[in-house]
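There are 2 protein chains.
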Amino acid sequence: MEVTVADNQLIDFQKKLEIFFLGKEEHHEFCPVRDIMDRFSDKWSFLAILNLGYSGTTRFNVLKGKIEGISQRMLTVTLRSLERDGLITRKIYAEVPPRVEYELTLLGKGLLRQILELAGWASDSMEEIVKARMDYDSKLQ
Amino acid sequence: MEVTVADNQLIDFQKKLEIFFLGKEEHHEFCPVRDIMDRFSDKWSFLAILNLGYSGTTRFNVLKGKIEGISQRMLTVTLRSLERDGLITRKIYAEVPPRVEYELTLLGKGLLRQILELAGWASDSMEEIVKARMDYDSKLQ
DNA sequence: CCGTATCCAACAGGATACTG
DNA sequence: CAGTATCCTGTTGGATACGG
Numbered sequence: 004m005e006v007t008v009a010d011n012q013l014i015d016f017q018k019k020l021e022i023f024f025l026g027k028e029e030h031h032e033f034c035p036v037r038d039i040m041d042r043f044s045d046k047w048s049f050l051a052i053l054n055l056g057y058s059g060t061t062r063f064n065v066l067k068g069k070i071e072g073i074s075q076r077m078l079t080v081t082l083r084s085l086e087r088d089g090l091i092t093r094k095i096y097a098e099v100p101p102r103v104e105y106e107l108t109l110l111g112k113g114l115l116r117q118i119l120e121l122a123g124w125a126s127d128s129m130e131e132i133v134k135a136r137m138d139y140d141s142k143l144q
Numbered sequence: 004m005e006v007t008v009a010d011n012q013l014i015d016f017q018k019k020l021e022i023f024f025l026g027k028e029e030h031h032e033f034c035p036v037r038d039i040m041d042r043f044s045d046k047w048s049f050l051a052i053l054n055l056g057y058s059g060t061t062r063f064n065v066l067k068g069k070i071e072g073i074s075q076r077m078l079t080v081t082l083r084s085l086e087r088d089g090l091i092t093r094k095i096y097a098e099v100p101p102r103v104e105y106e107l108t109l110l111g112k113g114l115l116r117q118i119l120e121l122a123g124w125a126s127d128s129m130e131e132i133v134k135a136r137m138d139y140d141s142k143l144q
């Protein structure tokens, strides 16, 4: 028997799950987690945060260059939404041509931390997931 | 000066960020993280995983009852997609009426772990985010 | 340079009805 | 019970053009 670590982890899971699901009962009409998780249900937010974390203070067009495939419109929309949630700051310099710099707040860095964990897991699990997909698809002939 | 913990955390961040962004260069045409993160860009996947984590082996309609607001169609679609990625298993019992049970795989439990972290952060940060939103909205008069 | 405005296509996902 | 099939709507987000 050497499942102790895994067992401990499962117990830890169960505790957190219970905290989460029991807490849900109290403020049952408004689920904070669901609301916040919707932040991820868009295509670009987490990529913007990752890049801001990596590059630090960054200008609009630089960021646009780093996030492959994003349109100007969607970068604006995404950044506004992150700013509204207090995850990033937006500083405008009164120059010509104008310069605007974005930066993660402390709150944003907290989220960055979570995203990095998730990204790490994704990276580690990628191979297994791709294999599972191929297995699944092949069984449908 | 007592920023040591925060500093260490930032260094840790930077390391993980570098691993992530440098790794990206190598297999630059296919970003695993972006692919996996798309798993979250739907409305229901993470809720299904949370509930399966909480309830363990669960039948289709029980799960449907627990995930508030999900339609029969979307639960089917979501579960199929999770099954395809090897995150859950689907067991069919040849009974009348039929019984189908879903359960997290080991891989799925790994993802559950990440989701719980994220959900915990969301729960902890909710208040601050709501406040930031109100501030932002009020400043637009 | 950093946006906004407008238009439009694609797709996620809800409602409903039907089956093994 | 646990789906599938069909239809239909709202939203996301891309392309383009223009403005401060």
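As they're listed, the protein sequences go chains A and B. For reference, each letter of the first sequence is one residue, going 4 to 144 in the working numbering. For reference, each letter of the second sequence is one residue, going 4 to 144 in the working numbering. From the three backbone atoms N, C-alpha and C, an ideal C-beta is built for every residue, glycine too. Computed from a predicted structure; not experimentally measured.
- prompt: Expressed to the nearest angstrom, what Euclidean distance is found between the alpha-carbon atoms of residue 39 of chain A and residue 99 of chain A?
  reply: Approximately 37 Å, taken between the alpha carbons.
message: Under DSSP, the alpha helix (DSSP H) around residue 60 of chain A begins and ends at which residues?
response: For residue 60 of chain A, there is no enclosing alpha helix (DSSP H), as DSSP marks it with neither H nor E.
query: Can you find a C-beta in chain B that's less than 8 Å from the C-beta of residue 4 of chain A?
result: With a pLDDT of only 48 at residue 4 of chain A, under the threshold of 50, the placement of this residue in the model should not be trusted; the figure read from the coordinates follows. No, because no Cβ of chain B sits closer than 8 Å to the Cβ of residue 4 of chain A.
- prompt: In three-state DSSP terms, what is residue 80 of chain A?
  reply: Residue 80 of chain A falls in the helix class under three-state DSSP.
- prompt: According to the Cβ coordinates, are residue 114 of chain A and residue 52 of chain A closer than 8 Å?
  reply: Yes; because the gap between Cβ atoms is below 8 Å, this pair is in contact.
field: Cβ separation of residue 24 of chain B and residue 105 of chain A, assumed to be a contact under 8 Å, to the nearest whole Å
entry: That belief does not hold up - the Cβ atoms of residue 24 of chain B and residue 105 of chain A are roughly 17 Å apart, past 8 Å.
query: For the stretch 34-55 of chain B, which residues have a beta carbon sitting closer than 9 Å to at least one beta carbon of chain A?
result: Answer in chain order: 34, 35, 36, 37, 38, 39, 40, 41, 42, 43, 44, 45, 46, 49, 50, 53, 54.
- request: Provide the residue span of the beta strand (DSSP E) that contains residue 104 of chain B, from first to last.
  value: First-last of the beta strand (DSSP E) with residue 104 of chain B: 102-107.
- request: Give the DSSP-derived three-state secondary structure of residue 91 of chain B in the structure shown.
  value: DSSP places residue 91 of chain B in strand when its eight states are reduced to three.
task: Leaving out five residues on either side along the sequence, give the residues of the same chain with a beta carbon under 6 Å from the beta carbon of residue 111 of chain A.
output: Taken in chain order, the residues that qualify are 90, 91.
- prompt: Leaving out the 5 sequence neighbours to the left and right, which residues in its chain are closer than 6 Å to residue 85 of chain B when beta-carbon positions are compared?
  reply: Around residue 85 of chain B: 91.
task: Starting from the beta carbon of residue 87 of chain A, find every residue of chain B whose beta carbon is closer than 8 Å, and list them in chain order.
output: Those are 135, 136, 139, 140, listed as they occur along chain B.
message: Less than 8 Å between the beta carbons of residue 19 of chain A and residue 123 of chain B, yes or no?
response: Their beta carbons are under 8 Å apart, which means residue 19 of chain A touches residue 123 of chain B by this criterion.
Neighbour-count burial assignment, residue 75 of chain A, 16 or more Cβ in a 10 Å radius: Around the C-beta of residue 75 of chain A, fewer than 16 other C-beta atoms lie within 10 Å, and the residue is accordingly described as exposed.
field: Burial state of residue 81 of chain A (16 or more Cβ within 10 Å)
entry: Buried, because 16 or more other Cβ atoms sit within 10 Å of the Cβ of residue 81 of chain A.
query: Just how far apart, CA to CA, sit residue 71 of chain B and residue 126 of chain A?
result: C-alpha separation (whole angstroms): 31 Å.
query: With a Cβ-Cβ cutoff of 8 Å, do residue 87 of chain A and residue 96 of chain A count as a contact?
result: Contact flag unset, no.
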